[in-house]
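J.: Protein sequences, first through last, are from chains A and B.
Residue numbering for the first sequence follows my numbering, beginning at 1 and increasing consecutively.
Residue numbering for the second sequence follows my numbering, beginning at 1001 and increasing consecutively.
Glycine included, C-beta positions come from ideal geometry on N, C-alpha and C.
Supplied in structure tokens, the structure appears directly below.
Protein chains: 2
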Amino acid sequence: MAEELNTGLLLFLPYRAMETRVFDELAAAGFDDFTPAQARVFQRIAPHGSRLTDLARQAGITKQSAAFLVEKLERAGYVHTVPDPDDGRARLVLIAERGRRSVEASRTVVAQVEAEWEAHLGAERMAELRRALTDLREITDPWR
Amino acid sequence: MAEELNTGLLLFLPYRAMETRVFDELAAAGFDDFTPAQARVFQRIAPHGSRLTDLARQAGITKQSAAFLVEKLERAGYVHTVPDPDDGRARLVLIAERGRRSVEASRTVVAQVEAEWEAHLGAERMAELRRALTDLREITDPWR
DNA sequence: CGTGTTGGTCAGCCTCTCTGACGGATCGGG
DNA sequence: CCCGATCCGTCAGAGAGGCTGACCAACACG
Chain A
1 MAEELNTGLL LFLPYRAMET RVFDELAAAG FDDFTPAQAR VFQRIAPHGS
51 RLTDLARQAG ITKQSAAFLV EKLERAGYVH TVPDPDDGRA RLVLIAERGR
101 RSVEASRTVV AQVEAEWEAH LGAERMAELR RALTDLREIT DPWR
Chain B
1001 MAEELNTGLL LFLPYRAMET RVFDELAAAG FDDFTPAQAR VFQRIAPHGS
1051 RLTDLARQAG ITKQSAAFLV EKLERAGYVH TVPDPDDGRA RLVLIAERGR
1101 RSVEASRTVV AQVEAEWEAH LGAERMAELR RALTDLREIT DPWR
């Protein structure tokens, strides 16, 4: 057993555990008409709206793909889009009412999973894990 | 930007950084005829071969999808498959010569990225990060 | 044996993601 | 003020990846 997994895979395993957990429980709560890919875009919408292109870059996909996903999200009532008052070319993607409720629901699940992890690792190690990951963002997260 | 990202996203960012880095450098080294999805399956082949179904479960996809990906990998010379001598129904997926060379190349890149992370965090914090992630496997990794 | 379980395949379908080409809006230098 | 460069988003087409459902073959075990 004690083989040395590469750090990438080590990161991926809990990430996927969190994602499927949130996804499953949200589906159980009635938010069952979106896909993981749509969620990955949705999750990056800033509180006061984001431009399509910014969403695409942050999610690491092309703007065409992002537009495709946003359109689905809009059709399902999770977001709505408005013209950007500051830039005639741009469209702002905003979280709609249904989206806000789903955010609330997901926050609960995330908190629950994080509590389980904390129970397993202990509060101090969990906090350090988050600190280390946050610091890693500086060299692994191209946007901000 | 001290906002509190959820731990899942925090895990995802460095994971993706690692994945794209390895993918890009492998492509530059001539291993450019496989996709990330194929790599995610390939990466899980045990040293002495794995069954298709096991690969599927570990990668979190259906056996049909796994078969599809393995077939591509076989066509590109990264793996070959043989009947499992212990079970007439099963096929063992084995790493082929070209696959072995790509593993070697990827190991180099992974080591390089891990070294960069270690330089950023310090050796002790990096080691603790790996320990914490390894411990999290116990509750987030359904297979072992 | 028969019955249930497991490993894999076949077929059909939908989602995601990409490339390439484009039109419209904005920005910046002259 | 204008013109070229750049940026925002769309349209069109294509391919990969993933799923469900139905099925067969081989094992496991009473």
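Considering only residues of the same chain and omitting the five flanking positions on each side of A1017 (chain B), which have a CB-CB separation below 7 Å?
T.: The answer is none, since no qualifying residue turns up.
J.: Three-state secondary structure (DSSP) at L92 (chain A)?
T.: strand
J.: Along the chain, where does the alpha helix (DSSP H) that runs through T1053 (chain B) open and close?
T.: L1052 to A1059
J.: Return the residue from the list B:L1011, B:H1080 and B:S1050 that minimises the CA-CA distance to D1087 (chain B).
T.: B:S1050
J.: Whole-angstrom Cβ separation of L1052 (chain B) and A1076 (chain B), contact assumed at under 8 Å?
T.: Between A1076 (chain B) and L1052 (chain B) the Cβ distance is about 17 Å, and since that is not below 8 Å, they are no contact.
J.: I'd like to know whether the C-beta atoms of F1012 (chain B) and L136 (chain A) end up nearer to each other than 9 Å.
T.: no
J.: What are the residues in the stretch 32-64 of chain A lying within 8 Å of chain B by C-beta distance?
T.: If the cut-off is 8 Å between Cβ atoms, the stretch 32-64 of chain A has Q43 and G60 near chain B.
J.: Using DSSP bridges, identify the partner residues of P1083 (chain B).
T.: B:R1091
J.: Could you check how far apart the C-beta atoms of V1093 (chain B) and L1129 (chain B) are, in whole angstroms? I think they sit under 8 Å.
T.: Not confirmed; about 31 Å, so no contact.
J.: What does the alpha-carbon distance come out to for the pair E1114 (chain B) and Q58 (chain A)?
T.: 23 Å
J.: Could you give the DSSP three-state label for T1007 (chain B): helix, strand or coil?
T.: Secondary structure at T1007 (chain B): helix, using DSSP grouped into helix, strand and coil.
J.: With a 10 Å radius around its C-beta and 16 neighbouring C-beta atoms as the bar for buried, classify Q64 (chain A) as buried or exposed.
T.: exposed
J.: How many whole angstroms separate the CB atoms of S106 (chain A) and V22 (chain A), which I take to be in contact at a CB cut-off of 8 Å?
T.: 5 Å
J.: With H, G and I counted as helix, E and B as strand and the rest as coil, what does DSSP make of M1 (chain A)?
T.: For M1 (chain A), the predicted model reports a pLDDT of 41, less than 50, meaning its position is unreliable; a value from the coordinates is still stated below. In the structure shown, M1 (chain A) sits in coil (DSSP, three-state: anything other than H, G, I, E or B).
J.: Of all the options A:T20, A:E4 and A:A132, which has the alpha carbon lying nearest to the alpha carbon of G1060 (chain B)?
T.: A:T20
J.: Would you mind working out which of B:Y1078, B:G1030 and B:D1032 sits nearest V1041 (chain B), comparing C-alpha positions?
T.: Closest by alpha carbon: B:Y1078.
J.: Am I right that A132 (chain A) and L1121 (chain B) are in contact with their C-beta atoms under 8 Å? What's the rounded C-beta distance?
T.: Separation of the CB atoms of A132 (chain A) and L1121 (chain B) is rounded to 6 Å, and the pair is thereby assigned contact status at 8 Å.
J.: Compile a chain-ordered list of the residues in the stretch 1076-1103 of chain B whose CB is closer than 8 Å to at least one CB of chain A.
T.: Within the stretch 1076-1103 of chain B, no residue places its CB atom closer than 8 Å to a CB of chain A.
J.: Once DSSP output is grouped into helix, strand and coil, what is the label at G1099 (chain B)?
T.: helix
J.: Starting from the Cα of E1074 (chain B), find the closest Cα among B:D1084, B:A1119 and B:E1097 and give me that residue.
T.: Of the candidates B:D1084, B:A1119 and B:E1097, B:E1097 places its Cα closest to the Cα of E1074 (chain B).
J.: Verify whether the separation of the beta carbon atoms of R91 (chain A) and V82 (chain A) is less than 9 Å.
T.: Yes. Within cutoff.
J.: Any C-beta of chain B within less than 7 Å: which residues of the stretch 117-130 of chain A qualify?
T.: Within the stretch 117-130 of chain A, the qualifying residues are W117, H120, L121, R125, E128, L129 and R130.
J.: So, under 8 Å CB-CB, V110 (chain A) and L26 (chain A) are touching, yes? Tell me the CB distance rounded to an integer number of Å.
T.: With 8 Å as the limit, V110 (chain A) and L26 (chain A) do not qualify as a contact, their Cβ atoms being about 10 Å apart.
J.: Is it buried or exposed, G1008 (chain B), if we count other Cβ atoms within 10 angstroms and call 16 or more buried?
T.: Buried, since its Cβ has 16 or more Cβ neighbours within 10 Å.
J.: Considering just the uninterrupted stretch of the alpha helix (DSSP H) at D1033 (chain B), what are its terminal residues?
T.: Per DSSP, D1033 (chain B) belongs to no alpha helix (DSSP H) and is neither H nor E.
J.: What is the rounded straight-line gap between the Cα of A1002 (chain B) and the Cα of A1037 (chain B)?
T.: Here A1002 (chain B) scores only 44 on pLDDT, less than 50, and its place in the model should not be relied on; the value that follows carries that caveat. Looking at the two C-alpha atoms, the distance is approximately 33 Å.
J.: By the 10 Å Cβ neighbour count, where 16 or more other Cβ atoms means buried, how is P1047 (chain B) classified, buried or exposed?
T.: exposed
J.: Starting from the Cα of E1138 (chain B), find the closest Cα among A:D24, A:E124 and A:A119 and give me that residue.
T.: A:A119
J.: Give me the Cα-Cα distance between R44 (chain A) and P1085 (chain B), rounded to the nearest whole angstrom.
T.: 49 Å
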